[in-house]
Amino acid sequence: MPETEFATTLVVLDLTGIFVFAVSGALVAVRKNLDLFAALVLGGVTGLGGGFIRDVLIGATPPAALADWRYLLVPIAAGLLTFFFHASIGRLERVITLFDAFGLALFCVTGALKAVDYGLEPLPAALLGMVTGIGGGMIRDVLAGNVPVIFEGVVYATPALVGAAVAVLLDRTDLPLVVVAAAGFSTCLGFRLLALVRGWRAPLPKGPANV
Amino acid sequence: MPETEFATTLVVLDLTGIFVFAVSGALVAVRKNLDLFAALVLGGVTGLGGGFIRDVLIGATPPAALADWRYLLVPIAAGLLTFFFHASIGRLERVITLFDAFGLALFCVTGALKAVDYGLEPLPAALLGMVTGIGGGMIRDVLAGNVPVIFEGVVYATPALVGAAVAVLLDRTDLPLVVVAAAGFSTCLGFRLLALVRGWRAPLPKGPANV
Amino acid sequence: MPETEFATTLVVLDLTGIFVFAVSGALVAVRKNLDLFAALVLGGVTGLGGGFIRDVLIGATPPAALADWRYLLVPIAAGLLTFFFHASIGRLERVITLFDAFGLALFCVTGALKAVDYGLEPLPAALLGMVTGIGGGMIRDVLAGNVPVIFEGVVYATPALVGAAVAVLLDRTDLPLVVVAAAGFSTCLGFRLLALVRGWRAPLPKGPANV
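Chains as they are written, first to last, in UniProt numbering: chain H, 1 to 211; chain B, 1 to 211; chain R, 1 to 211.
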């Protein structure tokens with residue numbers, strides 16, 4: 001694939017990821033019976049929050065989504081659509097979960113590679129890739145007054161971390177960037193989908209927690 | 001109005017806004033029966049948090065309030081006063097709501113214009129103006145264990161966004177800064193007060209949210 | 001003490017502080033019956049979050065813990081140990097509280113002196129020292145869906161503020177850095193331990209809060 005086509009593909013994937021994440025944020029607002037504004041804010045932070053945390057931590061300010069206004073239209077559109085057509089969108093739960101896995105796989109890889117670009121070592125870069133993928137959803141849950149869903153047994157962050165790690169490690173080889181990104185992406189996506197299909201759960205603490 | 005007088009007016013308005021926001025934060029602490037320290041922290045984050053988020057996102061670090069220690073005394077004073085005289089201050093609810101609208105109108109304009117100064121385009125700048133106005137209150141509510149009040153139908157963020165947008169758009173004309181700021185300020189303030197007087201509510205989702 | 005020995009001592013103390021804070025974060029996860037991943041995240045943010053907030057606010061990005069991957073291994077180890085051996089670790093509550101006071105005393109001093117290094121004035125620097133000490137625990141509590149424990153009468157933030165203030169003020173004299181740091185550290189630690197032993201409580205609001 002030529003460079004420019006790859007770049008265009010990346011932007012389209014990126015906007016798709018932001019859109020799906022924003023839909024999940026706006027759905028949380030609707031389900032808590034919060035107002036239109038909450039749907040827009042929760043949509044926005046879910047779609048963009050992970051990247052904001054990464055960019056603020058690595059000093060890449062202003063974050064990309066604030067430097068390019070088109071990135072802001074996507075979560076706004078997702079928030080409006082979800083608020084007004086939530087009944088139909090809510091029925092697409094399985095489709096949303098699938099697209100969400102795509103978004104996660106994409107964000108963990110682009111987040112990790114951006115951190116590498118800013119000079120971070122492999123371990124912090126992989127962690128920041130994971131944060132890019134899961135950060136928006138965590139802010140969404142905290143703002144909506146929920147404990148983050150990914151704390152309660154869902155296998156979600158680990159695929160992001162593993163996918164990010166694969167990308168970071170392959171990035172140190174001579175492989176072309178497309179291959180590096182595709183490997184990280186596929187690892188995260190495959191892992192996440194397997195976890196969904198097989199119903200894997202993250203381990204819970206054993207025995208009584210002596211409070 | 002000469003430049004220096006305008007600057008002094010701005011600082012006085014700014015400190016007034018921080019003070020009133022800080023009072024609202026400390027009142028939340030008192031009403032949750034939290035301790036003196038919580039009143040100071042919630043006062044501080046409510047008064048300064050919106051500006052902190054903006055400054056961190058646009059890379060204007062350290063934030064103004066940390067570079068000028070006098071900005072820190074205002075929320076501390078507000079927190080102490082509110083903690084020890086909350087009974088009297090609580091009775092001033094309507095006055096506080098009025099001043100709070102002033103603070104919102106001011107912060108959305110100064111926040112948006114600062115973002116423009118740092119090179120942001122109109123849409124992100126207007127959004128950051130809104131964030132400057134509403135961010136402190138959102139952190140306050142999350143720290144106090146509440147869902148942000150602005151998520152539950154209050155018309156609060158929209159006036160801030162509209163006021164910020166007016167300021168950002170007029171700033172691209174040849175109008176003097178005083179006029180630009182005054183127009184954005186009045187728009188937000190008028191909108192917010194109208195919403196309060198008329199009892200406007202933000203739209204809530206329609207129909208059952210199929211959880 | 002020669003400079004290099006002092007530096008090594010500082011790193012060891014720093015890692016000890018991060019470890020103990022991370023244990024407290026992971027214990028909150030276990031006690032809420034959250035999963036392994038939550039134990040790691042809550043451990044990580046409790047150990048490193050205060051420093052992250054400070055570094056982001058003063059513009060020292062990426063934060064030290066992201067620039068040096070060894071800093072990341074400590075909270076990961078603490079999270080794993082706590083998750084798998086929480087029954088034993090929970091019984092060490094008093095030891096943890098003691099070490100936690102060490103961590104607080106250390107972080108408030110190193111945080112404040114770093115802020116001074118970045119050009120902040122004494123009052124903001126002391127506040128950022130306090131934030132370095134208490135910020136991680138506040139993020140932990142918010143993510144776990146709790147109101148921050150330090151809002152409910154615990155004498156915890158005040159020792160951190162006083163210790164940080166002592167360090168910042170002595171730093172303006174000709175005293176050697178070791179003495180400055182030791183004085184701030186001892187002040188915070190002594191204050192915190194006295195509060196624990198004597199059962200001091202922060203003042204709660206008096207009279208009914210007229211909601």
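By construction, the Cβ of each residue, glycine as well, lies at the ideal position given by its N, Cα and C atoms. Just so we're clear, the structure is a prediction, and the values are computed from it rather than from any experiment.
Original post:
If we cut at 9 Å on Cβ distances, does Val162/B have a partner in chain H?
Top reply: Residue mapping note: residue 162/B aligns to position 162 of the second sequence, counting from 1. Taking Cβ atoms only, chain H never reaches closer than 9 Å to Val162/B, which makes this a no.
**OP:** Taking only the alpha-carbon atoms, compute the straight-line gap between Val211/R and Thr82/B and give it to the nearest angstrom.
**Re:** Numbered from its first residue, the third sequence carries residue 211/R at position 211. Numbered from its first residue, the second sequence carries residue 82/B at position 82. Per-residue confidence for Val211/R stands at a pLDDT of 47, beneath the threshold of 50, marking its modelled position as unreliable; no derived number is given.
Subject >> Where Pro124/R falls: helix, strand or coil (DSSP) >> reply: What you label residue 124/R is simply residue 124 of the third sequence in a count that begins at 1. In the three-state scheme derived from DSSP, where H, G and I count as helix and E and B as strand, Pro124/R is classed as helix.
Original post:
What's the call for Gly119/H, buried or exposed, on a 16-neighbour Cβ count within 10 Å?
Top reply: Looking up residue 119/H in the first sequence gives position 119. Exposed, since its Cβ has fewer than 16 Cβ neighbours within 10 Å.
Original post:
Is the Cβ of Lys32/B closer than 9 Å to any Cβ of chain R?
Top reply: Numbered from 1 along the second sequence, position 32 holds the residue referred to as residue 32/B. Yes, its Cβ sits closer than 9 Å to a Cβ of chain R.
**OP:** Using 10 angstroms around the beta-carbon of Ser24/B, count the other beta-carbons present and answer buried if the total reaches 16, otherwise exposed.
**Re:** By one-based count along the second sequence, residue 24/B stands at place 24. By the 10 Å Cβ count, Ser24/B comes out buried.
Subject >> Residue closest to Pro168/R, alpha-carbon to alpha-carbon, out of Gly17/R, Asn146/R, Ala202/R, Ala182/R >> reply: In the third sequence, the residue the question calls residue 168/R occupies position 168. For the record, residue 168/R in the displayed sequence is Val; it is not Pro. Comparing Cα-Cα distances from Val168/R to each of Gly17/R, Asn146/R, Ala202/R, Ala182/R, the minimum goes to Ala182/R.
**OP:** Give the secondary structure of residue 238/R by DSSP, where H, G and I count as helix, E and B as strand, and everything else as coil.
**Re:** A question about residue 238/R goes unanswered here, because the residues of chain R that appear run from 1 up to 211.
Original post:
Cβ of Gly44/B within 9 Å of Cβ of Ile76/B?
Top reply: Translated into the one-based positions of the second sequence, residue 44/B becomes position 44. Translated into the one-based positions of the second sequence, residue 76/B becomes position 76. Yes. Within cutoff.
Original post:
For Leu161/B, which option in Val180/B, Ala125/B, Ile139/B, Glu121/B has the closest C-alpha, if you only look at C-alpha atoms?
Top reply: Locating residue 161/B in the second sequence gives position 161, counting from the first residue. If we check each option's Cα against that of Leu161/B, Ala125/B comes out closest.
Subject >> Minimum Cβ-Cβ distance from Leu128/R to chain B less than 9 Å >> reply: By one-based count along the third sequence, residue 128/R stands at place 128. Yes, its Cβ sits closer than 9 Å to a Cβ of chain B.
Original post:
Who are the Cβ neighbours of Val155/B in its own chain at under 6 Å, not counting the five residues just before and after it?
Top reply: On the second sequence, residue 155/B is found 155 positions in, with the first residue counted as 1. Answer for Val155/B: Ala195, Trp200, Ala202, listed in chain order.
**OP:** In angstroms with no decimal places, state the Cα-to-Cα distance between Val74/B and Phe19/H.
**Re:** One-based indexing of the second sequence puts residue 74/B at position 74. One-based indexing of the first sequence puts residue 19/H at position 19. Spanning the alpha carbons of Val74/B and Phe19/H requires a straight line of approximately 41 Å.
**OP:** Would you mind telling me which residues of chain H sit closer than 7 Å to Gly145/R, beta carbon to beta carbon, in chain order?
**Re:** Counting from 1 along the third sequence, the entry for residue 145/R is found at position 145. The CB of Gly145/R comes closer than 7 Å to the CB of Val147 in chain H, given here in chain order.
**OP:** Tell me whether the beta-carbon of Gly136/B lies closer than 9 Å to the beta-carbon of Thr110/B.
**Re:** Stepping through the second sequence from its first residue, residue 136/B is reached at position 136. Stepping through the second sequence from its first residue, residue 110/B is reached at position 110. No, the pair does not count as a contact, with Cβ atoms beyond the cut-off.
Original post:
Taking just the CA atoms, how far does Leu175/B sit from Leu193/H?
Top reply: As a working note, residue 193/H is residue 193 in the first sequence. As a working note, residue 175/B is residue 175 in the second sequence. Rounded to whole angstroms, Leu193/H to Leu175/B spans 56 Å at the Cα level.
**OP:** Specify, as a first and last residue, the run of the alpha helix (DSSP H) that Ile76/B falls within.
**Re:** In the second sequence, the residue the question calls residue 76/B occupies position 76. Here the alpha helix (DSSP H) through Ile76/B covers 70–84.
**OP:** Might you give, ordered along the chain, the residues of its own chain that have their beta carbon closer than 7 Å to the beta carbon of Val28/H, omitting 5 neighbours on each side?
**Re:** For the purposes of this step, residue 28/H is taken as the residue at position 28 of the first sequence. If we look at Val28/H and ignore the five residues flanking it on each side, its Cβ neighbours are Leu42, Arg140, Ala144.
**OP:** Taking only beta-carbon positions, decide if Arg201/H is within less than 9 Å of chain R.
**Re:** Along the first sequence, read from residue 1 onward, the residue named residue 201/H stands at position 201. Yes, contact with chain R.
Subject >> Contacts of Ile58/R in chain B (Cβ-Cβ under 7 Å) >> reply: Position 58 of the third sequence holds residue 58/R. By Cβ distance, chain B contributes Thr61, Pro62.
**OP:** Would you list the residues sitting across from Val154/R in a DSSP beta bridge?
**Re:** Numbered from its first residue, the third sequence carries residue 154/R at position 154. Bridge partners of Val154/R: Arg201/R.
Original post:
Going along the chain, which residues of its own chain have a beta-carbon closer than 6 Å to the beta-carbon of Leu40/B, five neighbours each way excluded?
Top reply: As a working mapping, residue 40/B is identified with position 40 in the second sequence. Excluding residues within five positions, the ones whose Cβ falls inside 6 Å are Gly79.
Original post:
Name the chain R residues whose beta carbon is nearer than 7 Å to that of Pro124/H?
Top reply: Reading the first sequence from its first residue, position 124 is the one you call residue 124/H. Residues of chain R passing the Cβ test: Leu66, Trp69, Leu72.
Original post:
Cβ atoms of Leu57/H and Pro63/R: under 9 Å apart, would you say?
Top reply: In the third sequence, residue 63/R corresponds to position 63, counting from 1. In the first sequence, residue 57/H corresponds to position 57, counting from 1. Cβ distance < 9 Å, so Pro63/R and Leu57/H count as in contact.
Original post:
Can you check whether the CB of Val131/B is closer than 9 Å to the CB of Gly50/B?
Top reply: What you label residue 50/B is simply residue 50 of the second sequence in a count that begins at 1. What you label residue 131/B is simply residue 131 of the second sequence in a count that begins at 1. Result yes, Cβ atoms of Gly50/B and Val131/B sit closer than 9 Å.
Subject >> C-alpha distance - Gly59/B paired with Phe52/B, whole-angstrom precision >> reply: Here residue 59/B corresponds to residue number 59 of the second sequence, with the count starting at 1. Here residue 52/B corresponds to residue number 52 of the second sequence, with the count starting at 1. In a straight line, the C-alpha of Gly59/B is about 10 Å away from that of Phe52/B.
Original post:
Beta carbon of Leu204/H, beta carbon of Leu36/R: below 9 Å?
Top reply: Numbered from 1 along the first sequence, position 204 holds the residue referred to as residue 204/H. Numbered from 1 along the third sequence, position 36 holds the residue referred to as residue 36/R. Contact flag set, yes.
Subject >> 9 Å Cβ cutoff met for Gly190/B and Leu170/B >> reply: On the second sequence, position 190 is the one that residue 190/B refers to. On the second sequence, position 170 is the one that residue 170/B refers to. Cβ atoms of Gly190/B and Leu170/B: not closer than 9 Å.
Original post:
First and last residue of the alpha helix (DSSP H) that includes Gly44/B?
Top reply: Looking up residue 44/B in the second sequence gives position 44. Here the alpha helix (DSSP H) through Gly44/B covers 36–58.
Subject >> Nearest-angstrom Cα separation, counted from Phe99/B out to Val30/B >> reply: Stepping through the second sequence from its first residue, residue 30/B is reached at position 30. Stepping through the second sequence from its first residue, residue 99/B is reached at position 99. When rounded, the distance between both Cα atoms is 20 Å.
Original post:
Using a C-beta to C-beta distance shorter than 7 Å, which residues of chain R count as neighbours of residue 220/B?
Top reply: Any property of residue 220/B remains undetermined from this structure, which presents chain B solely from 1 to 211.
Subject >> Spatial neighbours of Leu106/B in its chain, beta-carbon cut-off 7 Å, leaving aside the 5 residues before and after >> reply: Counting from one through the second sequence, the residue named residue 106/B turns up at place 106. Leu13, Asp14, Gly17, Phe185.
**OP:** Along the alpha helix (DSSP H) that carries Arg94/B, what are the first and last residues, could you check?
**Re:** Translated into positions along the second sequence, residue 94/B becomes position 94. Element bounds for Arg94/B: 93–117.
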